[in-house]
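Student: With positions in the sequence shown counted from 1, the corresponding number in the working numbering is that position plus 125.
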Amino acid sequence: MSDHTDAEPNQPADSNCDQVGRKRARRLSSDSRYPRKRSVRACHVCRARKTKCDNVQPTCGFCASLGIQCSYDSTEKDHSSFDPATLEILRQLGQIIHSQEDILHTVRAVAAGQTQCVAPGLSPANGHVRRVADDLSWDANGEAQQQQTPYVGNDWLSGQQSESASTTPAAGVAAVRWFGLLATDASREALEDTDVSLGVDGALGFLGPEGELDENDMTPLQKATRIIDGQMGPAHDVGGEVIPGEAMTPANPRADQAEERMWQASENICLLAREQVLFENFLNRICSWLDLFDPGRTFSTRVPHLAVRNAGLLNAILALSGYHQSLDGSISLKDRADQNSALQYYYQTLHYVQKAMRYSSYQNSQELMATTLIVSTYEMLRGSRTDWQRHLQGVFWILRSRQIEVEASSLESTTWWAWLRQDIWVAFRERRRTYSTWIPKKAYPELTSHELASRAVWILAQVINFCAIESGEEAETGVAERIGWAKALMKMMVEWRGHLTVEFNPLPTMSRHGTQVFQPRLIHPQCFGLAMQIHYVSRILLCAHEPCLGGLESFMKRQKTIQDSIEMVCGIGMTLTEDASSMLSSQCLFIAGMFMQNPRQRSCVLEMLDSCRDRCGWPTPSLGSELVRIWDNPDAS
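#1: Taking Ile716 as the reference, which of Ile549, Met343 and Ala173 has the closest Cα?
#2: On the three-state DSSP scale, how would you describe Leu647?
#3: Per DSSP, what are the beta-bridge partners of Leu632 in this structure?
#4: Looking at the secondary structure, which residues open and close the alpha helix (DSSP H) in which Gly698 lies?
#5: Are Glu763 and Ile608 closer than 8 angstroms when you measure CB to CB?
#6: Where do the ends of the alpha helix (DSSP H) carrying Lys612 lie?
#7: Would you call Pro746 buried or exposed, if buried means 16 or more other Cβ atoms sit within 10 Å of its Cβ?
#8: Among residues of its own chain, excluding the 5 on either side of Ser706, which ones have a beta-carbon nearer than 7 angstroms to its beta-carbon?
#9: Classify Ile193 as helix, strand or coil using the three-state DSSP reduction.
#10: Please state whether DSSP places Gln182 in a helix, a strand or coil.
#11: Between Leu674, Phe418, Tyr470 and Pro345, which lies nearest to Ile659 when the distance is taken from Cα to Cα?
#12: Are the region 468-475 and the region 384-391 in contact at 8 angstroms, needing three or more beta carbon pairs?
#13: Going along the chain, which unbroken runs of the alpha helix (DSSP H) with 4 or more residues stay wholly within the region 443-514?
#14: Considering only the alpha carbon of each residue, which of Ala349, Leu307, Ala167 and Cys395 lies closest to Trp388?
#15: For Gly698, which residues of its own chain have a beta-carbon under 6 angstroms away from its beta-carbon, when the five flanking residues on both sides are left out?
#16: Consult DSSP for Pro345 and reduce its assignment to one of helix, strand or coil.
#17: So what's Phe720 in DSSP terms, helix, strand or just coil?
#18: In chain order, what residues of the same chain have a beta carbon less than 6 angstroms from the beta carbon of Thr496, not counting five sequence neighbours either side?
#19: Beta-carbon within less than 7 angstroms of Gly742's beta-carbon, same chain only, minus the 5 sequence neighbours each way: which residues are those?
#20: Leaving out five residues on either side along the sequence, give the residues of the same chain with a beta carbon under 7 angstroms from the beta carbon of Thr344.
#21: Nearest to Glu392 by alpha carbon, out of Asn435, Ser561, His516 and Phe407?
#22: Assign His516 to one of two classes, buried (16 or more other C-beta atoms within 10 Å of its C-beta) or exposed (fewer than that).
#23: Apply the 10 Å Cβ neighbour rule to Arg580 and answer buried if 16 or more other Cβ atoms are within range, or exposed otherwise.
#24: Should the region 619-632 be called in touch with the region 677-693, which here means at least 3 C-beta pairs below 8 angstroms?
#25: Which first and last residues belong to the alpha helix (DSSP H) in which Trp542 is found?
#26: At the level of alpha carbons, what is the spacing between Val402 and Asp757?
#27: Label His169 either buried or exposed according to how many other C-beta atoms from any shown protein chain fall within 10 Å of its C-beta, with 16 as the threshold for buried.
#28: I need the DSSP call for Gln587, collapsed to helix, strand or coil.
#29: Start and end of the alpha helix (DSSP H) containing Ala533?
#30: Would DSSP call Trp414 helix, strand or coil?
#31: One question on the structure: do Phe591 and Ala605 come within less than 8 angstroms of each other, judged by their Cβ atoms?
#32: Throw me the rounded Cβ distance for the Val588 and Leu545 pair, which I believe falls under 8 angstroms.
Rendered as structure tokens:
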């Protein structure tokens with residue numbers, strides 16, 4: 126400790142001695158592991174090399190002498206609120222990429238001998254999966270030809286491979302691939318947004334046991350996050366590296382239980398007071414987003430109990446809840462969570478997942494599956510649009526690799542539906558097809574009311590597939606075939622509407638006042654009203670994209686259908702006030718708003734979008750401002 130107790134040049138030595146006698150000496154900022162914050166005014170190259178920069182813009186002297194590109198940060202970023210543990214995470218963030226590549230090599234070595242069992246959807250080359258109806262040819266009446274297996278009561282779908290047709294080795298490959306996407310983007314973001322010391326050759330690293338942080342400076346959650354650092358992997362050499370061919374070998378149940386103890390906490394993880402507030406915010410407000418249409422509230426019931434014994438999942442929950450609370454204008458600034466602390470929990474999640482990924486039992490665990498969805502929701506809320514969209518495919522790989530019975534009540538199926546709702550929105554924004562190829566097996570008479578509501582989400586996914594921009598050979602699909610496809614989708618919506626139960630009927634409500642633009646339509650519980658919103662949005666999109674060959678009369682009829690559907694979407698939206706429905710309802714209102722011409726309707730939908738954003742904190746920036754840009758320049762959309 127003597128190395129850290131020398132007095133400053135202008136400070137009397139005896140004052141330091143008095144402090145040492147009373148309490149442990151504080152580590153000075155000159156510690157080699159925690160260097161003093163380097164000025165972000167230096168160019169990126171000089172900061173990476175840790176050399177002095179003359180700050181000449183646009184090209185500094187060093188870069189000019191070598192003839193290389195020179196770049197500076199546009200604004201100075203402050204990360205002074207990060208604690209030493211987080212700075213260590215940021216300082217070493219790049220090793221995560223190399224680690225996940227080593228694990229991926231190991232997983233592939235085991236899976237190579239079982240190639241015939243690996244789900245084809247896990248290949249990066251299969252970035253765009255086939256739409257549900259790819260194996261069909263359509264006639265002009267919307268009937269499917271060359272059918273193999275009927276879909277429920279409709280004869281318009283052919284048999285497709287279930288998304289559960291996968292094996293355990295593929296689950297390991299999927300988990301590591303998803304983590305690879307996450308790690309690569311996190312490393313790039315850290316390089317762009319932080320100013321911390323860099324490792325060899327300017328590469329960022331990730332938190333490792335060599336950091337030797339003082340445990341007295343760490344929170345209980347940080348300690349739990351680091352416990353896994355000292356665990357020996359399932360197969361290792363002297364240096365602790367995973368040996369290919371051994372780490373992922375199948376284990377018996379008793380061995381799996383022993384392995385799970387390596388990455389699970391033996392007792393509940395203690396939370397600080399501020400962390401307890403964030404945890405309860407997740408329970409009371411955010412879980413309802415993910416449990417939408419699930420009457421058993423499986424996510425709310427199961428995941429919190431998994432989290433208190435798993436540091437990775439708990440960090441992900443606090444990251445999501447912290448960012449959500451930071452956007453809540455109803456909370457005073459002094460009580461509101463800081464976005465930097467949310468980012469800290471996010472990096473701690475990455476650290477834990479990197480270490481736990483060595484264990485095959487973790488790769489197939491409910492904890493990892495829940496963590497992937499929480500991280501995806503965090504990225505959605507944070508506005509990391511590009512990263513979030515790419516990571517959704519990684520989550521798809523994980524879900525597809527598991528033998529999930531989507532129509533059975535389970536944590537896995539609840540997670541699948543929550544992921545599909547996110548993927549539908551991204552697919553609509555990117556004008557691509559959804560990743561899922563799953564086909565329902567239950568007939569409508571077998572469905573409960575909540576399952577009928579979920580079926581509306583799946584139908585919307587099929588409509589999004591129809592609306593997706595085609596390219597190459599797919600763009601050459603005949604007009605008659607597309608008309609047939611559109612009619613088949615419309616028949617499906619009519620059939621869904623014909624099997625609705627009484628819960629979907631509107632209840633009496635106040636009449637429209639003179640100043641009201643839309644007639645309020647109250648449907649309770651509100652999740653069923655949301656399902657009706659989704660249904661009418663499907664009608665709007667289908668009418669807008671179906672080829673029109675019937676002349677002016679057909680065109681006017683279609684416009685009336687769109688306007689009537691807009692009235693229903695917005696009328697229902699006026700009565701939806703729950704946090705759970707706000708995010709998806711705002712998406713429905715946005716899509717309906719794209720087709721509005723009436724100024725009063727436009728003003729009303731902007732107010733409803735703002736109300737949804739106030740309740741759930743999503744999105745950033747507001748959908749209302751984007752809708753205004755679309756109205757001002759329709760061709761740009």
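Note that CB positions come from ideal geometry on N, CA and C, so glycine has one too.
Tutor: Result, derived from the coordinates:
#1: Checking every option, the nearest Cα to that of Ile716 belongs to Ile549.
#2: Secondary structure at Leu647: strand, using DSSP grouped into helix, strand and coil.
#3: Leu632 pairs with Leu647.
#4: Segment Gly676 to Gly698, the alpha helix (DSSP H) holding Gly698.
#5: In the structure as shown, the chain begins at 126 and stops at 762. Residue 763 is therefore absent and cannot be evaluated.
#6: Residue range Val604 to Gly623 is occupied by the alpha helix (DSSP H) that includes Lys612.
#7: Flag for Pro746 reads exposed.
#8: If you ignore the 5 residues before and after Ser706, its C-beta comes within less than 7 angstroms of the C-beta of Gln651, Cys652 and Leu655, all in its own chain and listed in chain order.
#9: Three-state result, Ile193: coil.
#10: It is coil, neither helix nor strand.
#11: Checked all of Leu674, Phe418, Tyr470 and Pro345; the closest Cα to Ile659 is Phe418.
#12: Segments in contact, no.
#13: Every alpha helix (DSSP H) of 4 residues or more that sits fully in the region 443-514 is shown, in chain order, as 464-481, 485-488 and 491-507.
#14: Considering only alpha carbons, the answer is Ala349.
#15: Non-local C-beta neighbours of Gly698 in its own chain, meaning closer than 6 angstroms and more than five positions away in sequence, comprise Ser710, Leu714 and Met733, ordered along the chain.
#16: The answer is helix: DSSP assigns Pro345 an H, G or I state.
#17: Assignment of Phe720 by DSSP, reduced to helix, strand and coil, places it in the coil class.
#18: Apart from the 5 residues on each side of it in sequence, Thr496 sits with its Cβ closer than 6 angstroms to the Cβ of Gly437, Leu438 and Ala441 in its chain, given in chain order.
#19: Hits under 7 angstroms: His449, Leu452, Asp453 and Leu506.
#20: Leu397, listed in sequence order.
#21: Nearest to Glu392 by C-alpha distance, out of Asn435, Ser561, His516 and Phe407, is Asn435.
#22: Burial call: buried.
#23: Residue environment: Arg580 is assigned as buried (16 or more neighbouring CB atoms within 10 Å of its CB, all protein chains considered).
#24: Between the region 619-632 and the region 677-693 there are fewer than three inter-stretch CB-CB distances shorter than 8 angstroms, so the stretches are not counted as touching.
#25: Segment Leu536 to Glu555, the alpha helix (DSSP H) holding Trp542.
#26: So the alpha carbons of these two residues sit roughly 43 angstroms apart.
#27: Under this definition His169 is a buried residue.
#28: Correct three-state label for Gln587: helix.
#29: Run containing Ala533: none; DSSP gives neither H nor E here.
#30: Note: Trp414 maps to helix in three-state DSSP.
#31: The answer is no: Cβ separation not under 8 angstroms.
#32: So it is not a contact: roughly 13 angstroms between Cβ atoms.
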